[in-house]
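Colleague: Number 83 marks the last residue of the sequence shown (the UniProt record's numbering); no jumps.
Just so it is clear, CB atoms sit at the ideal spot from N, CA and C, and this is done for glycine as well.
Remember, predicted model here, so these are calculated numbers, not experimental data.
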Amino acid sequence: MNLNWSNRVIKYVLFIFNLLFVFSILLSLIFIMEFSAGIAGYVLRDNTASYLEKKLEDTMKKYDFNENTTSAVTIMWDTIQSD
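1) Taking C-beta to C-beta, are V43 and T59 nearer than 8 Å?
2) Going by C-alpha to C-alpha distance, which of D78, E53 and K55 sits closest to D64?
3) Once DSSP output is grouped into helix, strand and coil, what is the label at D58?
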């Protein structure tokens, strides 16, 4: 099947429009998800603070007082305290 020049151009133009359509749909979905995540973060901001505080207190119990430790919790707390 040998397409002439005008049919090839139409084929490629339709392909480009198809790609742009798919891209715009995906971009719209990403925007909607980011927007809803922002709303959820705003609504749950009080719960987030208490959850974070509880988890940080739990990690304090795992702190290792050795100076040569490679524990991730110890390194994290040392980094937070030094900044």
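Modeller: Short version:
1) Translated into positions along the sequence shown, residue 43 becomes position 43. Translated into positions along the sequence shown, residue 59 becomes position 59. It is not a contact, given that the beta carbons lie outside the stated cut-off.
2) As a position in the sequence shown, residue 64 is number 64, starting the count at 1. If we check each option's Cα against that of D64, D78 comes out closest.
3) Counting from one through the sequence shown, the residue named residue 58 turns up at place 58. Looking at D58 - three-state DSSP - the assignment turns out to be helix.
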